[in-house]
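Read the structure below first, then the notes.
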Amino acid sequence: MISKKELALLALILVVGAVTYSINPRFLSAVNIGNMANLVGLFGIFALGVGLVIISGGIELSVGSMFAILGVIFLDLFANLGLSWPLALAAAVGLGLLLGLVHGLLVTKAGLQPFVVTLCGLLIYRGAARFYTSDSTMGFGYGTDDAFLRWLVSDRTMGVPHTFIAFLIIAAAMAVLLHGSVYGRHLYAVGKNEEAARYSGIRTGWVITLTYVICGGLAGLTSVFIVFYTNSVSPSSHGSFYELYAIAAAVLGGCSLRGGEGSVIGIMLGVVLLQVLQNLVNLLGIPSSLNFAVMGSVILLGVLADQEITRRRKRSLAEAGALAAKRGK
Amino acid sequence: MTLLSMADIGKTYPGVTALDGVSFTLATGEVVGLIGENGAGKSTLMKVLGGVVAPSRGRIVLDGVAHAALSVRTSQAAGIAFVHQELNLFENLDVAANIFAGRELRKGPMLDRAAMRAQAARHLAPLGVAYGPDTLVELLSIAERQMLEIAKALSMQARVIIMDEPTSSLSLAETDRLLAVMRQLKAQGVAIIYISHRLSEVKAIADRVVCLRDGKLAGHLARAEVSQDAMVRLMIGRDLAQLYTAPKAPPGDALLQVTGLTTPAFPDRTVDLTLRRGEILGLAGLIGAGRTSLAQALFGIAPALAGEIRLDGAQVTIREPADAIALGLYLVPEDRKRSALVLDMTIRENVSLADVSRFASRGWVRRGAEGAVASHEMQRLRIKAPGVETPVITLSGGNQQKVVLAKWLSMRPRAIVFDEPTRGIDVGAKAEIYTLMRALADDGVGILMISSDIAEVLVVSDRIAVMQEGQISGTLERPAFS
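Each protein sequence line maps, in turn, to chains A and B. Here the first sequence stands for residues 2 to 330, where the numbers follow this note's numbering. Here the second sequence stands for residues 563 to 1044, where the numbers follow this note's numbering.
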């Protein structure tokens, strides 16, 4: 069920955690664990979506900017225009799904490369968000809050943040989708060898488009969570670079950027590792300017290690094949 | 005078032995025809000589010096030029640049374009091509590109030229011109190794013929002994007539009827073809004749522009693979690693790939049922592997092809199109696949087999259709084969 790669990742998380704890015992304090869990939940939900796109052989660079535009629209509908929160939430998710659909169609019908499509998305959506607010920060204003919604998306039950609970639920659903459904099987086939999938009658266009739609929907949902986390949206910087976190988590978790590889557990572990690293930088008093440098180095080492392991695995498989051939076909 | 000799050359790749102790010599000014079935080892042997591949064992003696392996540089320095089967040209550069790629003429530190242009034109002249040294290769047809490869070899002032299927895309006139150029070179003392499936050409130009089969030397023929029959007999090891297995019953009525079909590759030609129930129709022709285009039109990869396809009398429209699959019309494509298999997936996953939903209940894939079907097919087709969870990348070419077959066989085919079914497969597995095809046909499935291997077409088909430049140029019934 859990592969060697994932076990190695888990081991790495435990090692880094142990090191951090030994230097600063506050690592395992309830407050710290709670905060980490909150962030894991927040980043994890959309990392799962981005991971899905990567498995399909594509990439999604625009989620950070989607948080900006969708966050701004949600806040405007809910706080300023007085829409009820379920409607505002539905609008955010719905718009996320729509943007995902646009990306998917541009990739499958217009034949554009995912990198290009989502890069343009990244630029366009943030620009649109800034225009929407005339480049100013949007907040909740006075008396325009909803206690229930706030409790739902940003509070904790028995110390466990609701974001984390939502993350677990969504991860479970994704695991079923990815590893057990027909769509999941088709997704892996398309990601690994789109031509063979096509020659087997799989509707590759639909599979890929659906993947972007799911990612967009998850991004839409996350944008609402983030709004309640930051309590305001400053479009020029809201959600900046978040897509890189998601991609890093997915890659660390075993999703190959070439497509066709990856698992839900892997993505989850990737998200956790990134948060633990972030926490390590904070708690160890390492200047936060080195935050990105630490993360980047770990990701680089992780990918190098993965490359080496895959190379060895391929060689042993080839040798096994030669042996089988000798034993008589 | 012996120019070079290769002694006891062996080459193994994971899963397959390409060459097993082959020895070969070449003298000045002689043309040696190198023949053999697909996968017999001809290309591999020449790649060893050209320095592209290092042998696992054996020696190559050039100019009295023995080598364990050659590099492209040593091979070229020794005067060996290689015209590859897969064209190695730079589409974004012009003809002159391609001819001098890696050996550019210089004027000081800068490129001497004028000199390269002039020399290129000189080398192109005897080939009688319609283009000049300034043409971008991107604009050239496959035939024109083949001529360019030959011009490139000529420009290397080689003592030995290896030609691997040089005429596969050339017209009769172009082929004649090439043979004339080869006779000229021969007179100048250049030795040529000529690999070809076109036995008539081999007969026309070769001083002697060497035949490889299954990685070993199968025999050789002196000029006087060379005939089509003798060559085919050496290639397949037995007399043609003995190998053929007759169908259990005469072919049924028409299963698949193609009328007036135009494919995107040949928009001004039409194809008319009838495939009967229970027959194996071999579709022969040269590369580029339009056979794969026909297969792609039948399977919906590149749908036909016009024309009619009838299955069991009823007209059908095929716009995408799912349409063809729904009708029970399947395709085993030419390049199985690229188009038919997801190599990293297991046998079980590949077998179910064309219709995973038949194993799903309420959206959840039942791996047990999937595995059972894969197991059943593995047994039926005698796929040699540890189990259904084996990744197909570890399988030999023959077993991989069987997995592709298993995928379609598990879905009750009505007609199957095979495109080069035994490419890259050893003789033992080939025979198994032919037996499977016969068994399928006896079950009433119509089989259209596209093959560039004459021996294969002659041995397996009940009936042969020949395709040339986008249309069927003739059909032959069995008694007329030879």
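The C-beta atom is built at its ideal place from N, Cα and C for all residues, glycine as well.
Residues that residue i bridges to, as DSSP identifies them
i	result
I724(B)	F644(B), I755(B)
P980(B)	Before going on, a small fix: residue 980(B) reads as Phe here, not Pro. Note: F980(B) sits in a beta bridge opposite V894(B), M1011(B).
T579(B)	T574(B)
A868(B)	T824(B)
Q962(B)	None, per the DSSP bridge assignment.
K778(B)	R775(B)
G65(A)	According to DSSP, G65(A) bridges with nothing at all.
A589(B)	T564(B)
Q877(B)	R872(B)
P812(B)	DSSP, once it has assigned bridges, lists no residue as partnering P812(B).
E1039(B)	R1025(B)
L698(B)	D656(B)
Q858(B)	Q858(B) pairs with nothing; no bridge assigned.
K669(B)	M672(B)
Q819(B)	T836(B), R872(B)
G847(B)	M1029(B)
I842(B)	I1009(B)
Residue i at chain A interface by Cβ criterion, 8 Å
i	result
R900(B)	yes
G583(B)	no
D696(B)	no
A911(B)	The sequence given here has Glu at residue 911(B), not Ala. Yes, contact with chain A.
V615(B)	no
V979(B)	no
L779(B)	no
G572(B)	no
I887(B)	yes
P975(B)	no
A922(B)	yes
A580(B)	no
D769(B)	no
P528(B)	Because chain B spans 563 through 1044 in this model, residue 528(B) falls outside it and cannot be assessed.
A916(B)	yes
Residue i - DSSP class collapsed to helix/strand/coil
i	result
Q1030(B)	strand
L837(B)	strand
A768(B)	coil
G160(A)	coil
P688(B)	helix
T138(A)	coil
R131(A)	helix
D146(A)	coil
K946(B)	coil
K110(A)	coil
P288(A)	coil
V904(B)	coil
V584(B)	strand
A784(B)	strand
K330(A)	Unreliable positioning characterises K330(A) in this predicted model, as indicated by a pLDDT of 41, which lies under 50. The coordinate reading is nonetheless provided below. Three-state DSSP puts K330(A) in coil, outside helix and strand.
P953(B)	strand
E7(A)	helix
S914(B)	helix
R831(B)	strand
A663(B)	coil
S317(A)	helix
Any chain B beta carbon closer than 8 Å to residue i
i	result
S57(A)	no
S190(A)	The sequence given here has Ala at residue 190(A), not Ser. By this cut-off, A190(A) is an interface position.
G101(A)	no
G261(A)	yes
K110(A)	no
beta-carbon residue i near the ligand ZN non-hydrogen atom, thresh 7 Å
i	result
V722(B)	Inclusion of the ligand ZN in the displayed structure is not the case, the ligand content being empty and no account of it being possible.
Exercise for review: Using a Cβ-Cβ cut-off of less than 7 Å, give me the residues of the segment 195-214 of chain A that come near chain B, in sequence order.
Suggested key: E196, A197, R199, Y200, S201, G202, R204
Point to revise | Continuous alpha helix (DSSP H) assignments of at least 4 residues falling wholly in the segment 215-261 of chain A | key: Correct list: 243-253.
Review point. Fully enclosed by the segment 594-648 of chain B, which alpha helix (DSSP H) runs are 4 residues long or longer?
Key: 604-611, 634-639
Practice item. With 7 Å as the limit, tell me which residues of the segment 925-942 of chain B have their beta carbon closer than that to any beta carbon of chain A; keep them in chain order. Key: G925, W926, V927
Exercise for review: Could you list the residues in the segment 155-186 of chain A with a C-beta less than 7 Å from some C-beta on chain B, going in chain order?
Suggested key: G181, S182, V183, R186
Check your understanding: When you check each C-beta in the segment 116-136 of chain A against every C-beta of chain B, which residues fall closer than 7 Å?
Key -> Correct list: empty, as no residue qualifies.
**Study point:** Members of the segment 861-879 of chain B that neighbour chain A once the beta carbon cut-off is set at 8 Å
**Key:** Of all residues in the segment 861-879 of chain B, those with a C-beta nearer than 8 Å to a C-beta of chain A are F861, I863, reading in chain order.
Exercise for review: Please name the residues in the segment 3-32 of chain A whose beta-carbon is closer than 7 Å to at least one beta-carbon of chain B, in chain order.
Suggested key: none
Check your understanding: Between the segment 1010-1033 of chain B and chain A, which residues of the former have a C-beta closer than 8 Å to a C-beta of the latter?
Key -> none
Exercise for review: Identify every run of the alpha helix (DSSP H) within the segment 155-201 of chain A, keeping only runs that are complete inside it and at least 4 residues long; order them along the chain.
Suggested key: 163-181, 183-193, 195-200
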